């Protein structure tokens, strides 16, 4: 049974026949390929056709989830039976269940769909692109002495979501990416960094020249780095560091973090938590957005949600469960894979642009840090305490000077949000979570 | 196991022949059938129950340091042949390896796979969750939330390479996790504790790993941290608590000693075997051979026996963690560190259980030697830039040490430093080396594998502590 629509219909029918009140099915079929070149030689060629299928059943407010990559009919029949047995073990939960019928729907959005040009791109061409990108990157600067690989990857995915309340949605999409990781060395100290581009079609992908140039620039600018003194200074977040900052908001503004009380944003709906001009949007309908979608992973239409508007917390992002539990409207924010329960998440999540050029923001700092790299550990979502390992460039008299490493920046989100002073005009949608440059008045630097 | 994958040994040899049809030094087949389950309780109700099957085969062709890899989720000969052909494209030489006669490779017996938790009645697991929920909530009235889960899996694998080396293995894994939130007025803090390994459900009958013990410890951290004050910023004397601080070895040293990074000149430790890279108090070992630990394996994912490899002995770098490809290029023996997340990935050098051997002091002597410093008792995650060796860690439970005594709890301590540099600053090592049984999972090149780690109570004369207080 290879037709996903028929397969989904069979599973829902079978689950209802076994006594389920409701059921939904997610089926994902992909074709992936990747090439990694290092120092001009192919290091790895990879191809695959993964698939998976997830079944959720609901019976008297109890539920269970199963998933499999074995689509044989006998195996599936057994699995549906097991799903029903498992549901019996759980506790009835008044908030669980499929979306209400009137919540379901598909937004009228044009998505790029499957990119035929990409699907037909020969392996030789992918190898050539990766090789060219590495050569270009390595030639940019004599300090670049090694490569950790130049990679191409692409994939085509067919995705189906269907439920027993009449929803059926399917989507075909492509993705491709280029990434280059370089190593530079001076005075016996090695530094590495990387750059990448990712897109839903070949046409939108950045050129190998640009990716190579950026990877080289990011690597070489780390040479000669120092450890800064422990002190309090203004911190300018570049779009990469800014993305990390927005990621923290993305993890704490979701409904499950709220009802699990694992968020510093609890009980703050409608309150002023940040400065005027600090507006954060989650837009599932963004033109060319990498995470744009016509429907979310529960079958609600994709939509645009203003999360924070001029510093006021406007909405928590909710899937149906979180919405019912928090007595809030669902926001079409369900996100899941075939093998996991839905939970609220983001689509295209970004900080709206401000009026300042990034150069102006840097120029406004007499003594401080231009933050270009933030490590992922060191955030307490419950309290908002922030203490992250970081890297960047020291700013003196409004000018970028020498690179700095091996320090942490620390503060608390509740104090950092009201201390944002200048927001840049350089927002680019290079990923699903994006930020322009911005400045925080003062943060603690812990170094030497 | 041929039955499970619906393939005969002669068909497996055909696949290898096809994989090597364009030449190559070696090829291997990795069949996997993994069943996983989990049960999660939140607000004292069983919220989620999950069960899943993942099956497929990964086919690899090796030519020198080059790899062709393909996998398929379809266990039929036609799809597998197509995958073999795809993997073969890496090679384009006329000379190809001969496919040798099939023979079993030696393997250890480190986990009891006769009574698998995956087959246990869900109600048995549910009881464990209820016990933990009760213990967490009963710990203290300040505990407002408890989320408890039990997750387990059984991974059945079958391997054959062109040298005829064949094995099968059944790898169990179980993990019990308790997250708690404590609140007092507007103050709120979280706690987390997990325990498990390659065990069956009997593990949770033991005193230290009973659901109550795990739950109470999670609650204790949440409640303790309600009293925590901001950490002092800047360089400090740091005492690494036994067991979980081993993650510092994993990040600061371990990743840099994986042979792929070393042979490519991408590690701080490249070309440094025989050199002094740490204080002479440090002897650091990686070994996949300890019963029931998360990182332990009867045989690695390309047919080599795990070993107890001394990476650093009394401060001197002895060797690297090897997989098949790196060992051949570096002309050393494989160390049994070739691991992969699943059939979807080729094996690469990975840590198993990384730890530091004990020293001559009692833990008490180490702590009392400190006038002013930070006691890092329990670590969260960490990360490292292997090329330069810079690392960062989050510490979930930390205290101030004043005049040789552990005093105030500190909140949200982050440690940052350079791995090789920190290892030269180890000044005291206690006699209490302990492994951690928490849910450690290591990520590298997009692949996640279970590991364990351990360390005795250890004094480091200086690490930069991220904090907000000057």
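Protein chains in written order, with my numbering: chain A, -5 to 442; chain B, 11 to 480.
Note that CB positions come from ideal geometry on N, CA and C, so glycine has one too.
The structure displayed is predicted, hence computed values, not measured ones.
| Query | Result |
| --- | --- |
| Proximity to residue 179 of chain A [Cα-Cα], best of A:136, A:189 and A:375 | A:136 |
| The alpha helix (DSSP H) enclosing residue 340 of chain B, as first and last residue numbers | 334 to 340 |
| CB contact check: residue 259 of chain A to chain B, cutoff 9 Å | no |
| Where the stretch 128 to 153 of chain B meets chain A: residues whose CB sits under 8 Å from a CB there | 132, 133 and 136 |
| Nearest-angstrom Cα separation, counted from residue 26 of chain B out to residue 271 of chain B | 29 Å |
| Which of helix, strand or coil DSSP assigns to residue 460 of chain B | strand |
| Interface residues of the stretch 57 to 70 of chain A facing chain B [CB-CB below 7 Å] | 58, 59, 60, 61, 62, 63 and 64 |
| Beta-bridge pairing of residue 193 of chain B - partner residues as DSSP gives them | B:198 |
| Nonlocal neighbours in the same chain, by C-beta distance under 8 Å from residue 494 of chain B, ignoring five residues either side | Because chain B is modelled from 11 through 480, residue 494 of chain B falls outside the range shown and cannot be assessed. |
| Whole-number beta carbon distance between residue 462 of chain B and residue 303 of chain B, since they are thought to touch under 8 Å | 4 Å |
| Spatially closest choice to residue 347 of chain A from A:367, A:420, A:325 and A:369, by CA coordinates | A:420 |
| Cα-Cα separation between residue 43 of chain B and residue 63 of chain B, rounded to whole angstroms | 7 Å |
| Beta-ladder partner(s) of residue 341 of chain A, from DSSP | Residue 341 of chain A pairs with nothing; no bridge assigned. |
| Anticipated Cβ contact below 8 Å, residue 433 of chain B with residue 287 of chain B, distance rounded | 7 Å |
| Given 8 Å, three or more beta-carbon pairs between the stretch 379 to 393 of chain B and the stretch 235 to 255 of chain B | yes |
| Limits of the unbroken alpha helix (DSSP H) element including residue 347 of chain A | Premise fails: residue 347 of chain A is in no alpha helix (DSSP H) and is neither H nor E. |
| N- and C-terminal bounds of the beta strand (DSSP E) containing residue 384 of chain A | 379 to 390 |
| Sequence ranges, alpha helix (DSSP H) only - wholly within the stretch 349 to 409 of chain B, length at least 4 | 373 to 378 |
| Reference residue 44 of chain A; option with closest CA among A:214, A:59, A:25 and A:33 | A:25 |
| Cutoff 6 Å; reference residue 96 of chain B; Cβ partners in own chain excluding five residues on either side | 80 |
| Interface positions of the stretch 65 to 83 of chain B facing chain A (Cβ-Cβ less than 8 Å), listed along the chain | 65, 66, 75, 76, 77, 78, 79, 80, 81, 82 and 83 |
| Local conformation of residue 239 of chain A per DSSP, three classes | helix |
| Euclidean distance between Cα positions of residue 314 of chain A and residue 132 of chain A | 50 Å |
| Minimum Cβ-Cβ distance from residue 144 of chain A to chain B less than 9 Å | no |
| Chain-ordered chain A contacts of residue 276 of chain B [CB-CB under 7 Å] | 140, 142 and 177 |
| Coil, strand or helix - residue 95 of chain A by DSSP | helix |
| Cβ separation of residue 57 of chain B and residue 87 of chain A, assumed to be a contact under 8 Å, to the nearest whole Å | 6 Å |
| Residue 68 of chain A (DSSP reduced to helix, strand or coil) | helix |
| Between the CA atoms of residue 387 of chain A and residue 274 of chain B - distance to the nearest angstrom | 28 Å |
| CB-CB length for residue 338 of chain A against residue 250 of chain A, believed under 8 Å | 6 Å |
| Residues, ordered as in the chain, of the stretch 357 to 387 of chain A that lie near chain B by beta-carbon distance below 7 Å | 369, 370, 371, 372, 374, 376, 377, 379, 381, 382 and 383 |
| Alpha carbon of residue 210 of chain B to alpha carbon of residue 427 of chain A, nearest angstrom | 41 Å |
| Extent of the continuous alpha helix (DSSP H) to which residue 210 of chain A belongs | 202 to 214 |
| Residue span of the alpha helix (DSSP H) that contains residue 134 of chain B, given as start and end | 132 to 149 |
| Buried versus exposed, by CB contacts within 10 Å (16 or more), residue 119 of chain B | exposed |
| Amino acids of chain A, ordered along the chain, whose beta-carbon sits closer than 9 Å to that of residue 56 of chain B | 56, 83, 84, 85 and 87 |
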